[in-house]
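Q:
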Amino acid sequence: MSSLLPFTSSLLGASRRFMWRSTSGLSPLLRLTPPAPSWVVAFGKKDLPDLPVLLEEELEEQFVRGSGPGGQATNKTSNCVVLKHIPTGIVVKCHQTRSVDINRKRARDIMREKLDVAYKGELSELVVKKKESVLRKQEKRKRVNENLEKKRLFKESLAVDNKPGDDT
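Okay, structure coming up:
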């Protein structure tokens, strides 16, 4: 068991420095496998199972330094993931967390959503759900404005009825 420790630590050290590009010359241990199911649930999109599957051969991945607030943690670590889909040319940049692994997963989820919109256009589930959400928001705002107008008119009618000196 103790003889495996140096091998494991050297393998982990090599995988951290490895740029995770999928090429045919990689050993089977370092090759990324595509997701097992044909559908993948995007982050926070539990009801959208129909997103396209990403093939690792079609992706080019880089790790760059992020930007924005965070000081030394942001400026000295390369945990921002830049993912490019080679056939379409779509580029996704993800720097939501400090973890490279989580950023890689989120970048792939974002890429699936962008590919879905690129392939299906207006028929994409994401576009349809976004339009429905916008319409619901507009309807709600319209109802709120109507209620406010009714209240204003009611208060004005009360003020007119209760004017002093108006004895009829």
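To convert a position in the sequence shown, counted from 1, into this note's numbering, add 1118. Using N, Cα and C, we set each Cβ at its ideal position, and we do this for glycine too.
Alpha helix (DSSP H) containing E1240: first to last residue?
A: Working through the sequence shown from its first residue, we reach residue 1240 at position 122. That residue, E1240, is in no alpha helix (DSSP H); it is neither H nor E in DSSP.
Q: Between the C-alpha atoms of R1224 and V1199, what's the straight-line distance to the nearest angstrom?
A: As a working mapping, residue 1224 is identified with position 106 in the sequence shown. As a working mapping, residue 1199 is identified with position 81 in the sequence shown. Looking at the two C-alpha atoms, the distance is approximately 9 Å.
Q: Span of the beta strand (DSSP E) holding Q1180?
A: Residue 1180 sits at position 62 when you count from the first residue of the sequence shown. Counting along the chain, the unbroken beta strand (DSSP E) around Q1180 starts and ends at L1177 to V1182.
Q: How many Å lie between E1250 and L1173 at the Cα?
A: Counting from 1 along the sequence shown, the entry for residue 1250 is found at position 132. Counting from 1 along the sequence shown, the entry for residue 1173 is found at position 55. Rounded to the nearest angstrom, the two C-alpha atoms are 31 Å apart.
Q: Can you tell which of K1268, N1197 and E1243 has the C-alpha that lies nearest to the C-alpha of S1217?
A: Reading the sequence shown from its first residue, position 99 is the one you call residue 1217. Nearest of K1268, N1197 and E1243 to S1217, Cα basis: N1197.
Q: Going straight from the alpha carbon of L1201 to that of D1234, what length do you get?
A: As a working note, residue 1201 is residue 83 in the sequence shown. As a working note, residue 1234 is residue 116 in the sequence shown. When only Cα atoms are considered, L1201 and D1234 end up about 16 Å apart.
Q: Between which two residues does the alpha helix (DSSP H) carrying Q1190 extend?
A: Here the question's residue 1190 lines up with position 72 in the sequence shown. Counting along the chain, the alpha helix (DSSP H) containing Q1190 begins and ends at Q1190 to N1193.
Q: Counting only the same chain and skipping the five closest in sequence on each side, list residues whose C-beta sits under 8 Å from that of A1229.
A: Mapped onto the sequence shown, residue 1229 falls at position 111. Looking at the sequence itself, residue 1229 is Met, so the reference to Ala does not match. Cβ neighbours of M1229 beyond the five flanking positions: L1172, L1177, L1201, H1203, I1208 and V1210.
Q: If you draw a straight line from the alpha carbon of P1170 to that of Q1256, how long is it in whole angstroms?
A: Residue 1170 sits at position 52 when you count from the first residue of the sequence shown. Residue 1256 sits at position 138 when you count from the first residue of the sequence shown. Going from the Cα of P1170 to the Cα of Q1256 covers about 31 Å.
Q: Given a threshold of 16 other Cβ atoms within 10 Å of its Cβ, counted over all protein chains shown, does G1184 qualify as buried or as exposed?
A: For the purposes of this step, residue 1184 is taken as residue 66 along the sequence shown, with counting starting at 1. By the 10 Å Cβ count, G1184 comes out buried.
Q: Which two residues bound the contiguous beta strand (DSSP E) that contains H1203?
A: Position 85 of the sequence shown, counted from the start, is the residue given in the question as residue 1203. Element bounds for H1203: C1198 to H1203.
Q: Flag this pair as yes or no: are the beta carbons of L1244 and E1264 separated by less than 7 Å?
A: Here residue 1244 is taken as the residue at index 126 of the sequence shown, counted from 1. Here residue 1264 is taken as the residue at index 146 of the sequence shown, counted from 1. Not closer than 7 Å, so no.
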